[in-house]
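Enquirer: Quick one: this structure, given as structure tokens, is what I'll be asking you about.
2 protein chains.
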Amino acid sequence: MMDHRFDTLAHEFRAHGHKLTQPRRAILHALLATAKPLSPAEIQQRGQDFCHDLGLVTVYRTLELMDALEMVRAVHLADGCHGYVLATPGHTHHVVCERCHAVIEVIGCELGDFLDTVATRTGYQITGHWLEISGVCADCQHEPPHEA
Amino acid sequence: MMDHRFDTLAHEFRAHGHKLTQPRRAILHALLATAKPLSPAEIQQRGQDFCHDLGLVTVYRTLELMDALEMVRAVHLADGCHGYVLATPGHTHHVVCERCHAVIEVIGCELGDFLDTVATRTGYQITGHWLEISGVCADCQHEPPHEA
DNA sequence: TAGCTAACTGAAAAGGTTTTTCATTACGAG
DNA sequence: CTCGTAATGAAAAACCTTTTCAGTTAGCTA
Ligand SMILES: [Mn+2]
Ligand SMILES: [Mn+2]
Ligand SMILES: [Zn+2]
Ligand SMILES: [Zn+2]
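The listed protein sequences derive, respectively, from chains E and W.
Numbering-wise, the first sequence is residues 1 to 148 according to my numbering.
Numbering-wise, the second sequence is residues 1001 to 1148 according to my numbering.
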């Protein structure tokens, strides 16, 4: 299976002087196989299909590293905020489906004018922001209402 | 001390059929005395100045109630996301100072156009968003760099 | 004001999650 | 292939949050 996205991400580890281990491959596979935020525990469970004895501690350590390398981004969820989705390096946002949790990354960010207003009104020098958007994905819009 | 903001908030409990207890008063005092997000543990500590044996469990329960009454809002912080600030009912955002954590609530929200763009690009029907802004407050802008 | 009762409380325990420690393993340079 | 180091899993510790339960308190009624 020569998955191009997998290879690209896998190389990020090496490119920054880190080892490309089986547990790390398993975590990549788990993250690539889904389009919704996964908790560390979920990543461990799914990752064990690829690395039988993948440990939860390793998942935490790998996510911390991937976060530093901007391969992954923490997503704040309504309950707790400790899900993770794959991310493009740099400033992006995510839209999460409130029914099935499917997530899509949004690359542009036109908040400039609004943030200028905020700066003027508050006297704060704005240095960053965290925006998460919730909605209903195309699939779920065509589903009958609340199932399960 | 007839603090008007305190009285207004205190009445919210009664207005919704809840009791106005000493622990709840203490939590209000703690939240009113500061302008930065406080964790449940911090609220307990500060609240104990007003109610000596304020329990942490009560803080959790009261925050849950206040959140339902829109008296308070959970703020997602870079590390963990379980601080709380007082909030105006309805849709608002907060700007948090990255140095001293001072927070100001921002009432307007001009994300409409951007969210329309997102809807078009993703096919999602947008139902809500969570925006947190970080910056440097006016006071900290006049401070010499990293102290502490 | 005194009495009553449901709402509320704190302590303890249970349940989760995240971090630390440490002996062992495996990546990958040489 | 060999070796040194980064990385790993298990166990334990440290935290954080929720549940349970017996006792207390707020606020209504008389
Ligand atoms: Mn943005
Ligand atoms: Mn969060
Ligand atoms: Zn969906
Ligand atoms: Zn500040």
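From the three backbone atoms N, C-alpha and C, an ideal C-beta is built for every residue, glycine too.
Specify, as a first and last residue, the run of the alpha helix (DSSP H) that residue 1150 of chain W falls within.
Expert: This structure cannot settle anything about residue 1150 of chain W, because the visible part of chain W is limited to 1001 through 1148.
Enquirer: Are residue 39 of chain E and residue 1127 of chain W close, meaning C-beta to C-beta below 9 angstroms?
Expert: As a first step, residue 39 of chain E is located in the first sequence; it is residue number 39 there, counting from the start. As a first step, residue 1127 of chain W is located in the second sequence; it is residue number 127 there, counting from the start. No, these two residues do not count as a Cβ contact at 9 angstroms.
Enquirer: Anyone know if the C-beta pair for residue 37 of chain E and residue 101 of chain E falls short of 9 angstroms?
Expert: Numbered from 1 along the first sequence, position 37 holds the residue referred to as residue 37 of chain E. Numbered from 1 along the first sequence, position 101 holds the residue referred to as residue 101 of chain E. Their beta carbons are under 9 angstroms apart, which means residue 37 of chain E touches residue 101 of chain E by this criterion.
Enquirer: CB residue 105 of chain E to CB residue 136 of chain E, shorter than 9 angstroms?
Expert: Translated into positions along the first sequence, residue 105 of chain E becomes position 105. Translated into positions along the first sequence, residue 136 of chain E becomes position 136. It is not a contact, given that the beta carbons lie outside the stated cut-off.
Enquirer: May I have the straight-line CA-CA distance separating residue 13 of chain E from residue 71 of chain E, to the nearest angstrom?
Expert: For the purposes of this step, residue 13 of chain E is taken as residue 13 along the first sequence, with counting starting at 1. For the purposes of this step, residue 71 of chain E is taken as residue 71 along the first sequence, with counting starting at 1. Approximately 10 angstroms, taken between the alpha carbons.
Enquirer: Could you tell me the boundaries of the beta strand (DSSP E) in which residue 1101 of chain W lies?
Expert: For the purposes of this step, residue 1101 of chain W is taken as residue 101 along the second sequence, with counting starting at 1. Looking at the DSSP string, residue 1101 of chain W is not in any beta strand (DSSP E), and its letter there is neither H nor E.
Enquirer: Rounded to whole angstroms, what's the CA-CA distance from residue 15 of chain E to residue 7 of chain E? Just pull it up for me.
Expert: Looking up residue 15 of chain E in the first sequence gives position 15. Looking up residue 7 of chain E in the first sequence gives position 7. For residue 15 of chain E and residue 7 of chain E, the distance between alpha carbons rounds to 12 angstroms.
Enquirer: Using the Cβ count rule (16 or more neighbours within 10 Å means buried), how would you classify residue 58 of chain E?
Expert: Here residue 58 of chain E is taken as the residue at index 58 of the first sequence, counted from 1. Classification for residue 58 of chain E: buried.
Enquirer: Note down, one range per segment and in chain order, each alpha helix (DSSP H) of at least 4 residues found wholly within the region 11-53 of chain E.
Expert: Listed in chain order, the complete alpha helix (DSSP H) runs (minimum 4 residues) inside the region 11-53 of chain E are 22-32 and 40-47.
Enquirer: Where do the ends of the beta strand (DSSP E) carrying residue 1135 of chain W lie?
Expert: For the purposes of this step, residue 1135 of chain W is taken as the residue at position 135 of the second sequence. Where residue 1135 of chain W is concerned, the enclosing beta strand (DSSP E) stretches over 1125-1136.
Enquirer: First and last residue of the alpha helix (DSSP H) that includes residue 64 of chain E?
Expert: One-based indexing of the first sequence puts residue 64 of chain E at position 64. Looking at the DSSP string, the run of the alpha helix (DSSP H) that includes residue 64 of chain E is 56-68.
Enquirer: Checking the sheet assignment: what are the DSSP bridge partners for residue 1094 of chain W?
Expert: As a first step, residue 1094 of chain W must be located in the second sequence, where it is residue number 94. Looking at the DSSP output, residue 1094 of chain W sits in a beta bridge with W:1105 and W:1132.
Enquirer: Would a check of beta-carbon distances place residue 60 of chain E closer than 9 angstroms to chain W?
Expert: What you label residue 60 of chain E is simply residue 60 of the first sequence in a count that begins at 1. No, because no Cβ of chain W sits closer than 9 angstroms to the Cβ of residue 60 of chain E.
Enquirer: On a CA-only basis, which of E:87, E:66, E:118 and E:121 is nearest residue 20 of chain E? Give me that one, please.
Expert: For the purposes of this step, residue 20 of chain E is taken as the residue at position 20 of the first sequence. Closest option to residue 20 of chain E, Cα to Cα, is E:66.
Enquirer: Which same chain residues, not among the five before or five after residue 1069 of chain W, have their C-beta less than 7 angstroms away from its C-beta?
Expert: Within the second sequence, residue 1069 of chain W is the residue found at index 69, counting from 1. Around residue 1069 of chain W: 1012 and 1016.
Enquirer: Let's see if you can read the secondary structure: which residues bound the alpha helix (DSSP H) around residue 1119 of chain W?
Expert: Residue numbering aside, residue 1119 of chain W sits at position 119 when the second sequence is read from its first letter. From DSSP, the alpha helix (DSSP H) with residue 1119 of chain W extends over 1112-1122.
Enquirer: Buried or exposed, going by whether 16 or more other CB atoms sit within 10 Å of the CB of residue 1122 of chain W?
Expert: For the purposes of this step, residue 1122 of chain W is taken as residue 122 along the second sequence, with counting starting at 1. That one is buried.
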